[in-house]
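A.B. asks:
There are 2 protein chains.
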Amino acid sequence: MALIVQKFGGTSVGTVERIQQVAEKVKKFRENGDDIVVVVSAMSGETNRLVELAKQASDDQPVPRELDVMLSTGEQVTIALLTMALIRRGVPAVSYTGNQVRILTDSAHNKARILQIDDQKLRADLKAGRVVVVAGFQGVDEHGNITTLGRGGSDTTGVALAAALKADECQIYTDVDGVYTTDPRVVPQAQRLEKITFEEMLEMASLGSKVLQIRSVEFAGKYNVPLRVLHSFKEGPGTLITIDEEESMEQPIISGIAFNRDEAKLTIRGVPDIPGVAFKILGPVSAANIEVDMIVQNVAHDNTTDFTFTVHRNDYQAAQQVLENTARELGAREVIGDIKIAKVSIVGVGMRSHAGVASRMFEALAKENINIQMISTSEIKVSVVIEEKYLELAVRALHTAFELDAPARQGD
Amino acid sequence: MALIVQKFGGTSVGTVERIQQVAEKVKKFRENGDDIVVVVSAMSGETNRLVELAKQASDDQPVPRELDVMLSTGEQVTIALLTMALIRRGVPAVSYTGNQVRILTDSAHNKARILQIDDQKLRADLKAGRVVVVAGFQGVDEHGNITTLGRGGSDTTGVALAAALKADECQIYTDVDGVYTTDPRVVPQAQRLEKITFEEMLEMASLGSKVLQIRSVEFAGKYNVPLRVLHSFKEGPGTLITIDEEESMEQPIISGIAFNRDEAKLTIRGVPDIPGVAFKILGPVSAANIEVDMIVQNVAHDNTTDFTFTVHRNDYQAAQQVLENTARELGAREVIGDIKIAKVSIVGVGMRSHAGVASRMFEALAKENINIQMISTSEIKVSVVIEEKYLELAVRALHTAFELDAPARQGD
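Protein chains in written order, with the UniProt record's numbering: chain A, 1 to 412; chain B, 1 to 412.
#1: For a cutoff of 7 angstroms on Cβ pairs, would you count Ile87 of chain A as touching chain B?
#2: Below 8 angstroms on the Cβ atoms is my guess for Val225 of chain A versus Ala135 of chain A; work out the distance and round it to an integer in Å.
#3: What does the alpha-carbon distance come out to for the pair Leu365 of chain B and Leu393 of chain B?
#4: Runs of 4 residues minimum, wholly inside the UniProt domain "ACT" (346-412) of chain A: which ones carry the alpha helix (DSSP H) assignment?
#5: Helix, strand or coil: how does DSSP classify Ile97 of chain A here?
#6: For the alpha helix (DSSP H) containing Asp35 of chain A, list its first residue and its last residue.
#7: So, are the CB atoms of Val37 of chain A and Val132 of chain A less than 7 angstroms apart?
#8: Within 10 angstroms of the Cβ of Gly276 of chain A, are there 16 or more other Cβ atoms? Answer buried if so, exposed if not.
#9: Only counting the same chain, and skipping five residues up and downstream in sequence, which positions put a Cβ closer than 7 angstroms to that of Glu379 of chain B?
#10: Consult DSSP for Met294 of chain A and reduce its assignment to one of helix, strand or coil.
#11: Under the three-state reduction of DSSP, which class applies to Leu165 of chain A: helix, strand or coil?
#12: For Ile114 of chain B, which three-state DSSP category applies?
#13: Just confirm the distance between the C-beta atoms of Lys210 of chain B and Leu240 of chain B, as a whole number of angstroms; I'd bet it's less than 8 angstroms.
#14: Mark Gln6 of chain A as exposed unless 16 or more other C-beta atoms lie within 10 angstroms of its C-beta, in which case mark it buried.
#15: Give the interface partners of Leu104 of chain B over in chain A, defined as CB-CB distance under 8 angstroms, in chain order.
#16: Would you say Gln56 of chain A faces chain B, with C-beta separation under 7 angstroms as the test?
#17: I want to know whether the region 79-86 of chain A touches the region 78-86 of chain B - three or more CB-CB distances under 8 angstroms.
#18: Which residues in the same chain as Val322 of chain B place their Cβ atom closer than 6 angstroms to its Cβ, once the five residues preceding and following it in sequence are excluded?
#19: Taking 7 angstroms as the threshold (beta carbon to beta carbon), is Ser95 of chain B in contact with chain A?
#20: Three-state secondary structure (DSSP) at Pro237 of chain A?
#21: Is DSSP giving Ser248 of chain B helix, strand or coil here?
#22: Report the three-state DSSP secondary structure of Ile339 of chain A (helix, strand or coil).
#23: Could you work out which residues of chain B lie near Leu53 of chain A, taking near to mean beta carbons separated by less than 8 angstroms?
#24: For Ile281 of chain A, return the contacting residues in chain B, with the cut-off set at a CB-CB distance below 7 angstroms.
#25: May I ask you to verify whether the region 261-272 of chain A touches the region 308-321 of chain A, counting CB pairs closer than 8 angstroms and requiring at least 3?
#26: Does the beta carbon of Ser248 of chain B come closer than 7 angstroms to any beta carbon on chain A?
#27: With H, G and I counted as helix, E and B as strand and the rest as coil, what does DSSP make of Pro272 of chain B?
#28: Using 10 angstroms around the beta-carbon of Arg333 of chain A, count the other beta-carbons present and answer buried if the total reaches 16, otherwise exposed.
#29: Would you list, in chain order, the members of the region 129-162 of chain B that have their beta-carbon closer than 7 angstroms to a beta-carbon of chain A?
#30: Between B:Phe137, B:Glu388, B:Val217 and B:Val311, which has its C-alpha nearest Ile341 of chain B's C-alpha?
#31: Would you list the one or two residues that DSSP bridges to Gly139 of chain B?
#32: For Tyr223 of chain B, which three-state DSSP category applies?
#33: Taking 7 angstroms as the cut-off, decide whether the C-beta atoms of Gly139 of chain A and Ile103 of chain A are in contact.
#34: Going along chain A, which residues have a C-beta under 7 angstroms from Asp59 of chain B?
#35: Rounded to a whole number of angstroms, what is the C-alpha to C-alpha distance between Val385 of chain A and Asn371 of chain A?
#36: Going by C-alpha to C-alpha distance, which of B:Asp125, B:Leu67 and B:Ile114 sits closest to Ala93 of chain B?
Following this line, the structure appears as C-alpha cells:
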C-alpha cells in the first residue's frame, strides 16, 4: 500500500465531465489499496476570467493581496466539485483549501513560497480512509492572508505535499504521456523515457521542454520526491523523474534533445578589452529587467573583443536599444543582432563519464553542414546556437547520432 | 463620526461597473468622516452558476460541506473586487472572508447560525483608517470548515457585524428606496415610511413584503441594531427600522398594508368534535413537510366542526391528498379547497392602544362588498383571507380607510 500524491492541472479538470473522469481514476487507485492525496488547479479558463475581472476593477493594476483573495477561489471550486464527484462514487473524501491544510507561505503575494505544511489533518483523514483533495497554487501567510504561488504553483503544491507526507510518489497528470527523448512532432522516432534524473529534467525544462514547471522539479529534487509524469486520460506508466541511481552500463550517454526558438542573439563588436567590461555591458541589460541566457566572449585581438549574448525574442528590441547606448559609451565598433536563431541542446547525466560527447555532437552537425554560432556547456548539457532554418535537421541528426531513434535503439 | 455597516446585495454588485458605483458611495461616507464596514454578497447569478456546477458533479445531491466550500467563493470574489475598486480611488481598504474575520458559526452546513464574531482585526483596521470589506453569507465552524448561512445570509452577516461592533447603524442597500405603506404598484398613493418598528417590519416581511429577510430583522431587533433600508444607486434617507420609542400622539394607527397571493385554503368539513382532532388533522400535514399559515376552527354544531387552514399554493395538491386520507380515517364529511384566495393584513404597533382597528378594517371591506373568508389576528396585525380577485380593491380601500394615502395624509 503506497501513499501517492496526484496532481491534476486546469485542462484535466476543465469541465465537470472531466472532473468525473478524474474521480474515476482516483477511485481505481483507492481500490488498489493506495492512500491518495489529490491536488487540483482551477478549471481551465477560470483564472483568466478572474484576472480579467480584477483588471476591470482596478485599472489594470490589481492589488496583489486582493488578487490572491480572488484567484484562490478558482481551486476552491475545483476541490469541492472533485470531492462531490468522489463521494457520489462511494469514495469517502474531503476537500481543503491552502488555508485549511495549513500551507504556510511567506507574504509575497502572487508569487509566495511555501514555508511549512501542517500534515496533521491530512494524516488523520488518510488514516480514516478518506481521499484528501487539496487546492493547489495557494497558501496562507502567518497573518492569515491568502497567498498564491504564481505560475505552475499547483505542481509545487503537489511536490511540497508529497515531501511533507513522505509520499511514495508524486504523480503529475498532464496532456502528454511522459517525457520524450525530443519533441515527437519534430522527430517521429522520439521515444518516451522510462526514467530521467531530476538534473536532466531541469535542463530539459529550462531548455524549452514544457512538461513540468522548473520550480516543482527543483523542489522534488531537493526533497528527493519521486515525480511521475502521466497522461490524465490515457493509461500508461509515464516517465519517472528520480535521483541518479548509477544505473547499468547500458545507460544511454544522453537522455534527450531539447530545443527552442524563443531566443535572439545580440553582439557588441570592438569593445575595449579591459576589466569590468562584461558588467558594463550586461548591467544595463539586467537593469532593464531583461533576462540573458547564453553569454559568449572570445579572446581579444588588437585590444578589443566581441561580446555576444542571447535574450528572449520579446526582449530583443529593448535589449538592442540598451546595447546601442552602451556601445556609444564604451566606444565600441557596432551592435549587430539576429532573431533567426535556434538553440539545440543535448542533455544527459551519462555525458559526465563519457569523453567526447561534445565533439560527437559537433561532428553530427558538421556532417549536415550546419554552422555553429555559439556554444555553451554544463556538466550534463551541451547547447549550441544555429541558424533557425536548420533546427529540425539538427535535432533529427543528433537524435540519430546519439542512438535515440526508436527502432535503432531497440536493436542496440 | 459614526460607525456604519453597509450591506450591498448581489444586484448592487452584479457587474464591475456597479461595484465601482458602490466604491464611490463608500468613498463619500468615508469623506464624511464615518468608519465603514461593508458586507457584500456574490455577484448576481454567481451563486446559481456554482449551484448548477455542484449539481452536475453530484447527481443533484451536493454534499453540504463541499457545497459551502464552493458557494463561499462567490462573496470572496466580490470582496476582492470592491477592495480593489476602493484602493484605486485612494481609499485604504482590506478584504476579509468569513473565516478571516473570524465569523464563528455552528456546523449546520448550508444554513449555519452565527455563534460569535471576533472584532479584533476589524477594529484595528478601522482605527488605522481602513474600510473593511467582509464577505457576507459565510463563516467557519470550530473545526475550520467553511459554512454558509443560507438564503438572505448576507443581511444577517451585516446585522451581526453591526451588533458585534456596536455600530451606529446597519444600512441595507436594495433595489427599493425604503419600506412603503403598501406596494406602490397596487396603490399609487403609497408612501415611504420614515420609520418602522422591528415588530412591524417582521409582520410586513412575514406577510409577503420582500424588502428584508425576516431573520436579519429578528436579529437586529434582538440586539437593537438600527437598520436602514436604502436604494443602492439613488440618493435618499430610506426607512429606519428601530425600536418603538413611544412616539408622539400623531403616530399612525397602522404603518402598512401587506398582502400575498401565495396561499391556498383547505377545509375539512364535518369532523367529529372531539379532543385531539386538530392534531390528527395537522400532524400528517406537518409530517409531509408542508407549512401551515392561518388556522381557523369554528364552534361546533351537531357534534361536528369545520376546520380550515392555509398552505403555500405549491403545497396545495400534496396537502389535499394528505387531508383526503385524514378525512377517511376520521369519518369526516368532505374536503374542499380553494386556491383563488388572497391574504390582506394591516400592521401597526399603533393598534395596541387603539380599540376598534379590526372593526374599522371589516367596515372598509364591507363597504366594497368584499366577503371575508378567514380572520387571524396578532397584537400588531389583523389578517383576512378574501377572494383573490378583490385583492387590489381591498388594499386600496384599506389604504384610504387608515389614512395612509399620500395627499390625504399630508392634509391630515
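By construction, the Cβ of each residue, glycine as well, lies at the ideal position given by its N, Cα and C atoms. These figures come from a predicted structure and were not determined experimentally.
C.D. replies: Let me spell this out:
#1: Numbered from 1 along the first sequence, position 87 holds the residue referred to as residue 87 of chain A. Cβ-Cβ to chain B under 7 angstroms: yes for Ile87 of chain A.
#2: Looking up residue 225 of chain A in the first sequence gives position 225. Looking up residue 135 of chain A in the first sequence gives position 135. Not confirmed; about 19 angstroms, so no contact.
#3: Residue 365 of chain B sits at position 365 when you count from the first residue of the second sequence. Residue 393 of chain B sits at position 393 when you count from the first residue of the second sequence. The C-alpha of Leu393 of chain B is placed about 9 angstroms away from the C-alpha of Leu365 of chain B.
#4: 357-367, 391-401 and 406-410
#5: For the purposes of this step, residue 97 of chain A is identified with residue 97 of the first sequence, where counting begins at 1. One detail in the question is off: residue 97 of chain A reads as Thr in this sequence, not Ile. Three-state DSSP puts Thr97 of chain A in coil, outside helix and strand.
#6: Taking the first residue of the first sequence as position 1, residue 35 of chain A is located at position 35. Premise fails: Asp35 of chain A lies in the beta strand (DSSP E), Asp35 to Val40, not in any alpha helix (DSSP H).
#7: For the purposes of this step, residue 37 of chain A is taken as residue 37 along the first sequence, with counting starting at 1. For the purposes of this step, residue 132 of chain A is taken as residue 132 along the first sequence, with counting starting at 1. The answer is yes: Cβ separation under 7 angstroms.
#8: In the first sequence, counting from the first residue as 1, residue 276 of chain A sits at position 276. Exposed, by the Cβ-count rule.
#9: As a working note, residue 379 of chain B is residue 379 in the second sequence. Closer than 7 angstroms at Cβ, skipping near neighbours: Arg352.
#10: Mapped onto the first sequence, residue 294 of chain A falls at position 294. Correct three-state label for Met294 of chain A: strand.
#11: For the purposes of this step, residue 165 of chain A is taken as residue 165 along the first sequence, with counting starting at 1. Note: Leu165 of chain A maps to coil in three-state DSSP.
#12: Your numbering for residue 114 of chain B matches position 114 in the second sequence. The answer is strand: DSSP assigns Ile114 of chain B an E or B state.
#13: Numbered from its first residue, the second sequence carries residue 210 of chain B at position 210. Numbered from its first residue, the second sequence carries residue 240 of chain B at position 240. In fact, because the Cβ distance is near 19 angstroms, the residues do not count as touching under 8 angstroms.
#14: Along the first sequence, one-based indexing puts residue 6 of chain A at 6. Buried, because 16 or more other Cβ atoms sit within 10 Å of the Cβ of Gln6 of chain A.
#15: Here residue 104 of chain B refers to the residue found at position 104 of the second sequence. The contacting residues do not exist; Leu104 of chain B stays about 14 angstroms from chain A at best.
#16: Along the first sequence, read from residue 1 onward, the residue named residue 56 of chain A stands at position 56. By this cut-off, Gln56 of chain A is an interface position.
#17: no
#18: Position 322 of the second sequence, counting from 1, holds the residue named residue 322 of chain B. Same-chain partners within the cutoff: Pro284, Val285 and Ala288.
#19: Position 95 of the second sequence, counting from 1, holds the residue named residue 95 of chain B. Yes, because at least one Cβ of chain A sits closer than 7 angstroms to the Cβ of Ser95 of chain B.
#20: Residue mapping note: residue 237 of chain A aligns to position 237 of the first sequence, counting from 1. DSSP places Pro237 of chain A in coil when its eight states are reduced to three.
#21: Stepping through the second sequence from its first residue, residue 248 of chain B is reached at position 248. Because Ser248 of chain B sits at a pLDDT of 49, beneath the cut-off of 50, its placement in the model cannot be relied upon, and the point is left open.
#22: Residue mapping note: residue 339 of chain A aligns to position 339 of the first sequence, counting from 1. Three-state DSSP puts Ile339 of chain A in coil, outside helix and strand.
#23: Locating residue 53 of chain A in the first sequence gives position 53, counting from the first residue. Going along chain B in sequence order, the residues near Leu53 of chain A (Cβ under 8 angstroms) are Val16, Val77 and Leu81.
#24: Here residue 281 of chain A is taken as the residue at index 281 of the first sequence, counted from 1. By Cβ distance, chain B contributes nothing, its closest Cβ being about 40 angstroms from Ile281 of chain A, past 7 angstroms.
#25: yes
#26: Position 248 of the second sequence, counting from 1, holds the residue named residue 248 of chain B. Legend: pLDDT at Ser248 of chain B = 49, less than 50; position of this residue unreliable, value from coordinates given subsequently. Taking Cβ atoms only, chain A never reaches closer than 7 angstroms to Ser248 of chain B, which makes this a no.
#27: Within the second sequence, residue 272 of chain B is the residue found at index 272, counting from 1. Of the three classes helix, strand and coil, the one that applies to Pro272 of chain B here is strand, per DSSP.
#28: By one-based count along the first sequence, residue 333 of chain A stands at place 333. The residue is exposed, with fewer than 16 neighbouring Cβ atoms inside 10 Å.
#29: So the close ones are Gly144.
#30: Here residue 341 of chain B is taken as the residue at index 341 of the second sequence, counted from 1. Its Cα nearest to that of Ile341 of chain B, the residue B:Glu388 stands out among B:Phe137, B:Glu388, B:Val217 and B:Val311.
#31: Position 139 of the second sequence, counted from the first residue, corresponds to residue 139 of chain B. According to DSSP, Gly139 of chain B bridges with B:Thr147.
#32: For this step, residue 223 of chain B is matched to residue 223 along the second sequence. In this structure, Tyr223 of chain B counts as coil in the three-state DSSP scheme.
#33: As a working mapping, residue 139 of chain A is identified with position 139 in the first sequence. As a working mapping, residue 103 of chain A is identified with position 103 in the first sequence. Yes. Within cutoff.
#34: To locate residue 59 of chain B, count along the second sequence from 1; it is residue 59. Residues of chain A passing the Cβ test: Arg88.
#35: Here residue 385 of chain A refers to the residue found at position 385 when the first sequence is read from its first residue. Here residue 371 of chain A refers to the residue found at position 371 when the first sequence is read from its first residue. Their backbone Cα atoms lie some 9 angstroms apart in a straight line.
#36: Within the second sequence, residue 93 of chain B is the residue found at index 93, counting from 1. Of the candidates B:Asp125, B:Leu67 and B:Ile114, the one whose C-alpha sits nearest the C-alpha of Ala93 of chain B is B:Asp125.
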